[in-house]
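Going down the list, the sequences are from chains A and B. Count along the first sequence from 1, add 19, and you get the number used in the working numbering. Count along the second sequence from 1, add 1100, and you get the number used in the working numbering.
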Amino acid sequence: MATERFPVEAGHIMMFARSIGDGNPIYHDEDYAAGTEVGHIIAPPTFPQAQAQFDPTYRLRPKIGEPWFGSGAEPTGVTASSEVGSGGGGGLHAEQHFEYHRHLRPGDVLSLTVRPGETWEKQSKRAGTLTFSETITEYRDQDGELVITARGVGVRTEKPVEN
Amino acid sequence: MTLSASQITVGDTRSALLVEDLKRTQLVQYAGASGDYNPLHTDDLYTREVAGYPGVFAHGMLTMGITGTLLTDWVGDGRLTRFGVRFVNQVWPGDTLSGTAEITAIREENGEHFVDLSVVTTNQHDVPVITGTASARIDA
């Protein structure tokens, strides 16, 4: 299920910029931003991914009343789960691409449509059989305009990547 | 703080130290801001004993975000039209990352000027962790 409503908020943009160590005032200082070419606060280029916060079914967020696969008393909170992946491998992020038709700003309310792209396999010495799958996500604003097109590639590994 | 087609040349590069001695707390901070709470990035016990890795490692998207700063500091705010990367090696707590962007093309389309860039982020062992490309709208 895709995120139906992703409200872009100034506080969220500020926290996101802090987390990537980017102190650029265009991401948090309204007065500064007003005097720039852009004229207002914008979001950093990788911020669209934070839509996960607003995806009601997002798998990688603990949900109230549901088991969580991270550690508690034991190394994992679930006994048998597909989320753990075969052979201790599991899902990793292989590629991410963004096209910016315009940059996001506080006050935008986005809706997402997600469609699967291609899938392919590759053999790897470091992680066994790799299964790649592509996802294309379109972000539209409150006026229905396409603002961001994102293409992500995930990979499931047969075993943990050797380092 | 924007680029002008008349003042740049294909092959121009810009490098920056992106993060020094990456802290586990920054991984926690990124998990909270992005909403990606995959325990692989914050839960050492799970990551070692269940997932089979030596310990927690950075979200690929954190490294992409850190790398994005190199680009936006160069091309200017709101100027990127495209940014894409491949995650080629994992990033670990304690890593020091440096990035280099290079101008690969300068072009004009419908009266607007654009620059194409390649970007690579490497760790303290000179091993690439991210390779990518980007485009930005620039001034004439």
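The beta carbon of each residue, even a glycine, is placed where N, CA and C say it ideally should be.
Could you give the DSSP three-state label for residue i: helix, strand or coil?
i, result
"A:G108", "For A:G108, the predicted model reports a pLDDT of 47, less than 50, meaning its position is unreliable and no value from the coordinates is stated."
"A:G19", "Absent from the model: residue 19 of chain A. The displayed extent of chain A is 20 to 182, so no value can be given."
"B:L1117", "strand"
"B:S1286", "Outside the shown range of chain B (1101 to 1240) lies residue 1286 of chain B, about which nothing can therefore be said."
"B:T1169", "helix"
"A:E49", "helix"
"B:F1157", "coil"
"B:Q1126", "helix"
"A:A113", "strand"
"A:H122", "coil"
"B:G1152", "coil"
"A:I167", "strand"
"A:F25", "strand"
"B:T1163", "helix"
"B:L1140", "helix"
"A:L79", "coil"
"A:F88", "coil"
"B:G1132", "helix"
"A:Q72", "helix"
"B:T1147", "helix"
"B:W1174", "helix"
"A:E67", "Per the sequence presented here, residue 67 of chain A reads as Pro, with Glu not at that position. Correct three-state label for A:P67: helix."
"B:D1112", "coil"
"A:P44", "helix"
So, are the CB atoms of residue i and residue j less than 8 Å apart?
i, j, result
"A:E177", "A:T148", "yes"
"B:Q1129", "A:S38", "yes"
"B:S1235", "A:Q68", "no"
"B:P1228", "B:N1189", "yes"
"B:Q1224", "B:D1177", "no"
"A:A71", "B:D1143", "no"
"B:G1232", "B:V1156", "no"
"B:I1203", "B:L1180", "no"
"A:A21", "A:V133", "yes"
"B:V1150", "A:T95", "yes"
"B:F1187", "A:E114", "yes"
"B:A1201", "B:L1171", "yes"
"B:I1108", "B:V1215", "yes"
"B:V1175", "B:L1103", "yes"
"A:E118", "A:T168", "yes"
"A:P182", "B:P1154", "One point to set straight first is that residue 182 of chain A is Asn, not Pro, in the sequence displayed. Result yes, Cβ atoms of A:N182 and B:P1154 sit closer than 8 Å."
"A:F35", "A:P63", "yes"
"A:V174", "A:T150", "yes"
"B:H1213", "B:D1173", "no"
"A:R124", "A:I45", "no"
Tell me, which residues are paired with residue i by DSSP?
i, result
"A:F35", "The partner list for A:F35 (beta bridge, DSSP) is empty, contrary to what the question assumes."
"B:S1218", "B:E1202, B:T1233"
"B:H1213", "B:E1208, B:I1238"
"A:V172", "A:E114, A:E153"
"B:R1186", "A:E114, B:T1231"
"A:S143", "A:G147"
"A:V128", "A:P26"
"B:L1197", "B:V1119"
"B:V1180", "First, the residue type needs correcting, since residue 1180 of chain B is Leu and not Val in the sequence shown. Paired residue(s): B:A1236."
"A:Y158", "A:L131, A:I167"
At a Cβ threshold of 8 Å, is residue i touching chain E?
i, result
"B:D1143", "Among the protein chains of the structure shown, namely A and B, there is no chain E."
(request) Give, in chain order, every residue of the stretch 40-55 of chain A whose Cβ lies closer than 8 Å to some Cβ of chain B. (result) G40, D41, N43, I45, T55: these are the residues of the stretch 40-55 of chain A whose beta carbon lies less than 8 Å from some beta carbon of chain B, given in chain order.
(request) Note down, in chain order, all residues in the stretch 121-144 of chain A with a beta-carbon under 9 Å from any beta-carbon belonging to chain B. (result) Cβ contacts with chain B: R121, H122.
(request) Would you check if there are 3 or more beta carbon pairs closer than 8 Å linking the stretch 157-177 of chain A to the stretch 1112-1128 of chain B? (result) Touching, no.
(message) Closer than 8 Å is the cut-off here; do at least three beta carbon pairs connect the stretch 37-56 of chain A with the stretch 1157-1170 of chain B?
(response) Yes: at least three Cβ pairs fall under 8 Å.
(message) Could you check whether the stretch 21-28 of chain A touches the stretch 119-131 of chain A, counting it as contact only if at least three pairs of C-beta atoms, one from each stretch, sit closer than 8 Å?
(response) Output reads yes: the stretch 119-131 of chain A touches the stretch 21-28 of chain A.
(request) Quick one: which residues of the stretch 1151-1168 of chain B get their C-beta closer than 8 Å to a C-beta of chain A? List them in chain order. (result) The residues in question are A1151, G1152, Y1153, P1154, H1159, G1160, M1161, L1162, M1164, G1165, I1166, G1168.
(request) Taking a Cβ distance cut-off of 9 Å, strictly less, list which residues of the stretch 1195-1222 of chain B are near chain A, in chain order. (result) Listed in sequence order: no entries.
(request) Pull out every residue of the stretch 1173-1189 of chain B whose Cβ sits closer than 7 Å to any Cβ of chain A, in chain order. (result) Taking 7 Å as the cut-off between beta carbons, the residues of the stretch 1173-1189 of chain B near chain A are D1177, G1178, L1180, T1181, R1182, F1183, G1184, V1185, R1186, F1187, in sequence order.
(request) Scan the stretch 1122-1135 of chain B for residues whose Cβ lies nearer than 8 Å to a Cβ of chain A and list them as they occur along the chain. (result) Considering only beta carbons, the part of the stretch 1122-1135 of chain B lying closer than 8 Å to chain A consists of Q1126, Q1129, Y1130, G1132, A1133, S1134, G1135, in chain order.
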